[in-house]
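Chains as they are written, first to last, in my numbering: chain A, 1 to 266; chain B, 1 to 279. Shown next, in structure tokens, is the structure this report addresses.
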Amino acid sequence: MTISPADSDNYQQCPLEGIITLRSLNLYYTGFHALKEVNGAFQQQAITALIGPSGCGKSTLLRVLNRMNDLIEGVQITGEVIIDGENIYAPGTDLIQLRKKVGMVFQRPNPFPLSIYDNVVYGPRLHGRPPRRELENLMEHSLAAVQLWDEVKDRLKASALALTEEQQQRLCIARLLAVEPEILLMDEPCSALDPLATLRLEELMRELKKLYTIIIVTHNMQQAARVSDDTGFMYLGELVEFGETGQIFTRPKDVRTEDYITGKYG
Amino acid sequence: MDRGKFVERVLFLLALSSISSLVIITIFIFEEGLPLIFHTGLKDFIFSSHWAPTKGHFGIAAMIISSILVTLGAMVLGVPLGLACAIVLAEFCSERLRGLLKPTLELLAGIPSVVYGFLGVIWLVPLIRNYLGGPGLSLLAAAVILGIMILPTVISISIDALTAVPDVYRDGSIALGATQWQTVHRVVLPAASSGIITAVILGMGRAVGETMAVIMVAGNALKIPTSILDPVRTLTSNIALELGYAAGRHREALFATGIVLFVIIMILNLSATLLARRK
Numbered sequence: 001m002t003i004s005p006a007d008s009d010n011y012q013q014c015p016l017e018g019i020i021t022l023r024s025l026n027l028y029y030t031g032f033h034a035l036k037e038v039n040g041a042f043q044q045q046a047i048t049a050l051i052g053p054s055g056c057g058k059s060t061l062l063r064v065l066n067r068m069n070d071l072i073e074g075v076q077i078t079g080e081v082i083i084d085g086e087n088i089y090a091p092g093t094d095l096i097q098l099r100k101k102v103g104m105v106f107q108r109p110n111p112f113p114l115s116i117y118d119n120v121v122y123g124p125r126l127h128g129r130p131p132r133r134e135l136e137n138l139m140e141h142s143l144a145a146v147q148l149w150d151e152v153k154d155r156l157k158a159s160a161l162a163l164t165e166e167q168q169q170r171l172c173i174a175r176l177l178a179v180e181p182e183i184l185l186m187d188e189p190c191s192a193l194d195p196l197a198t199l200r201l202e203e204l205m206r207e208l209k210k211l212y213t214i215i216i217v218t219h220n221m222q223q224a225a226r227v228s229d230d231t232g233f234m235y236l237g238e239l240v241e242f243g244e245t246g247q248i249f250t251r252p253k254d255v256r257t258e259d260y261i262t263g264k265y266g
Numbered sequence: 001m002d003r004g005k006f007v008e009r010v011l012f013l014l015a016l017s018s019i020s021s022l023v024i025i026t027i028f029i030f031e032e033g034l035p036l037i038f039h040t041g042l043k044d045f046i047f048s049s050h051w052a053p054t055k056g057h058f059g060i061a062a063m064i065i066s067s068i069l070v071t072l073g074a075m076v077l078g079v080p081l082g083l084a085c086a087i088v089l090a091e092f093c094s095e096r097l098r099g100l101l102k103p104t105l106e107l108l109a110g111i112p113s114v115v116y117g118f119l120g121v122i123w124l125v126p127l128i129r130n131y132l133g134g135p136g137l138s139l140l141a142a143a144v145i146l147g148i149m150i151l152p153t154v155i156s157i158s159i160d161a162l163t164a165v166p167d168v169y170r171d172g173s174i175a176l177g178a179t180q181w182q183t184v185h186r187v188v189l190p191a192a193s194s195g196i197i198t199a200v201i202l203g204m205g206r207a208v209g210e211t212m213a214v215i216m217v218a219g220n221a222l223k224i225p226t227s228i229l230d231p232v233r234t235l236t237s238n239i240a241l242e243l244g245y246a247a248g249r250h251r252e253a254l255f256a257t258g259i260v261l262f263v264i265i266m267i268l269n270l271s272a273t274l275l276a277r278r279k
């Protein structure tokens, strides 16, 4: 690896504006420079995949977008993250509104140890006291959107922990849809699932992208190739290359991207 | 026999001796106390409040009621305080502050109970006498002192229960736009509930069994209390106060009181263990 960071800047082909725009984003974790001068723009109603070897900062970047890194002590961030025209790191940003707008699905399904019903209406209940009728509509709608309604409609009072891992992950997505977000962040959402369940979840993502903007972090390059419209390759905290998925996988411009997608490391 | 085997045997014997002491204590109090229960009848022993051991009346109902009331009072004061403290330490304060405060709170458990009693007599009893009336030595005084004494038990077991809740639940809730308090209240507490109930039950066991501090502040009058300012005598106090001069049936009656306490504590500890195992 002899290419200096300065050279790699030439390969950034990001559009300048998107629903999410990153400008000179740097993140330090108690002295460790975890994200380096990241610039980029993620498009609306598209799936953007972030790929790269473990520890390259892709999950960290994802957690920047709904400020989940705020929960970790010792994290410092410089630069701008503009979502819907507003810098979410500007002082006075309403984190609750931000996280309603930018929801997150985690690596391992994490339904709360409550009933299926209580899981789905958890978010709406946080943000108000909607009448029961409205809650039930919202719940049915959310579960139907992740194709879980038919499977669970007869046991809504059962514990969510009794579902299979795939159903649990769908439930977590339904729980998110119930707060009516615009952007879905998915942090390796299929890593706990078997290959068939993974394909079904990817099918769901394609369905969801008609209404939502999706950013997905994945270890699995085939998954990125199958499901995403744009792909960003990250390495050692840099967004090395960003562009249309087909181009990244067939004609990468940076040698590091090429080495990674051809399996020389990672 | 080689050295390793020998050491193993010795350790095994030592372990056995500590368990056998439990068995011996159990056999001993039952052997000493059961004849009296057969003599008086379990019903009269537990449900009569006429305690005049030198005249042959052995009813411990007043003491059972006093023990229950003192324990309940201690719970009413100690559980909300302890739980609030545990929530702050486990969920809201920084790692550094918790590292400082948790061992400090655990020191509370190391203070001898006679010191709690002493503080109660010097400071709390006059306060109650002057501001609320009555003799000061009272159900209320005992409940307050016990409420403080159970804090370390309630706090440290509740903290363990709260920190055992996986962070993915907290992340999931925060990511849905919950505040930290909403997250604690709606996800973390329900997830930790069995551990917290265990903490409460073990605190209860500690309150039922405490003797010295209670003798010093409760007033020890033999009657069913009608007000929280009345002096009371608990089961444990009665044993400690009278064993020194008891003989014959009287002595047996005190051991029988011990059986009642033993059964109460066993029930509490067993339910705590079962709850902790259920998860």
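The beta-carbon is built from N, C-alpha and C at its ideal position, and this holds for glycine as well. Nothing here was measured: the structure is a model prediction, and the numbers come from that model.
- Excluding five sequence positions before and after Gln45 (chain A), the CB atoms of its chain that fall closer than 8 Å to its own CB belong to Lys209, Lys210, Leu211, Tyr212 and Thr213, given in chain order.
- For Pro189 (chain A), the nearest beta carbon of chain B is not closer than 8 Å to its own beta carbon.
- Considering only B:Leu137, B:Val154 and B:Phe6, the residue with the shortest C-alpha distance to Gly219 (chain B) is B:Leu137.
- Along the region 73-96 of chain A, the positions whose C-beta sits under 7 Å from a C-beta of chain B are Ile96, read in chain order.
- Unbroken alpha helix (DSSP H) stretches of 4 residues or longer found wholly inside the region 98-180 of chain A: 116-120, 122-126, 132-145, 149-152 and 165-177, given in chain order.
- DSSP places Ser49 (chain B) in the coil class of the three-state scheme, outside both helix and strand.
- As summarised for the region 181-213 of chain A, the continuous beta strand (DSSP E) elements at least 3 residues long and confined to that stretch are 183-187, given in chain order.
- When DSSP states are grouped into helix, strand and coil, His219 (chain A) belongs to the coil group.
- Straight-line spacing of the CA atoms in Ile46 (chain B) and Ile64 (chain B) works out to 8 Å.
- Between the alpha carbons of Ser237 (chain B) and Gly4 (chain B) lies a distance of about 48 Å.
- Rounded to the nearest whole angstrom, the C-alpha separation of Leu36 (chain B) and Ala207 (chain B) is 26 Å.
- Residues of the region 193-217 of chain B with a Cβ closer than 9 Å to any Cβ of chain A: none.
- Listed in chain order, the non-local C-beta contacts of Ile261 (chain A) below 7 Å within the same chain comprise Met221, Phe249 and Pro252, local neighbours out to five positions each way being set aside.
- Contact between Tyr169 (chain B) and Ile145 (chain B) fails: their C-beta atoms lie close to 37 Å from each other, not under 8 Å.
- When the Cα atoms are used, Gly232 (chain A) and Gln107 (chain A) turn out to be separated by approximately 19 Å.
- Taken through DSSP and simplified to helix, strand or coil, Asn26 (chain A) comes out as strand.
- Going by beta carbons, Ala41 (chain A) and Glu17 (chain A) fall inside the 8 Å limit.
- Considering only B:Glu31, B:Leu270 and B:Phe12, the residue with the shortest C-alpha distance to Leu202 (chain B) is B:Leu270.
- In the DSSP assignment, Tyr235 (chain A) falls within the unbroken beta strand (DSSP E) covering Asp230 to Tyr235.
- Looking only at B:Gly209, B:Ala109, B:Ala86 and B:Ala253, the smallest Cα-Cα distance to Glu31 (chain B) is reached by B:Ala253.
- Ala49 (chain A) sits in a strand when the DSSP states are folded into three classes.
- Listed in chain order, the non-local C-beta contacts of Lys36 (chain A) below 6 Å within the same chain comprise Gly237 and Glu238, local neighbours out to five positions each way being set aside.
- Between the region 99-118 of chain B and the region 166-185 of chain B, the count of C-beta pairs closer than 8 Å stays below three; the two stretches do not touch.
- For the set A:Arg256, A:Val227 and A:Asp229, the Cα lying nearest the Cα of Val240 (chain A) is the one of A:Arg256.
- With 16 or more other CB atoms across the displayed protein chains lying within 10 angstroms of its CB, Arg170 (chain A) is buried.
- With a cutoff of 8 Å on beta-carbon distance, Gln223 (chain A) and Cys190 (chain A) are scored as near each other.
- Distance check between Ser158 (chain B) and each of B:Tyr131, B:Ile197 and B:Gly134 places B:Ile197 closest, using alpha-carbon atoms only.
- When secondary structure is reduced to three states using DSSP, Asn39 (chain A) falls in the strand class.
- Closer than 8 Å to the CB of Asp171 (chain B) there is at least one CB belonging to chain A.
- Residues of the region 156-184 of chain A with a Cβ closer than 8 Å to any Cβ of chain B, in chain order: Cys172, Arg175, Leu176 and Val179.
- DSSP places Glu17 (chain A) in no alpha helix (DSSP H); its state is neither H nor E.
- Residue environment for Thr60 (chain A): buried (at least 16 other C-beta atoms within 10 angstroms of its C-beta).
- Listed in chain order, the positions of the region 179-191 of chain B with a beta carbon within less than 8 Å of a beta carbon of chain A are Thr179, Gln182, Arg186, Val187, Pro190 and Ala191.
- In the DSSP annotation of this structure, the continuous segment of the beta strand (DSSP E) that includes Gln76 (chain A) starts and ends at Val75 to Ile83.
- Taking one beta carbon from each stretch, the region 89-99 of chain B and the region 256-265 of chain B have fewer than 3 pairs nearer than 8 Å; the two do not touch.
- Neighbours of Leu176 (chain B) across chain A, judged by C-beta separation under 8 Å: Arg99, Lys100, Gly103, Tyr122, Gly123, Leu126, Arg175, Leu176 and Val179.
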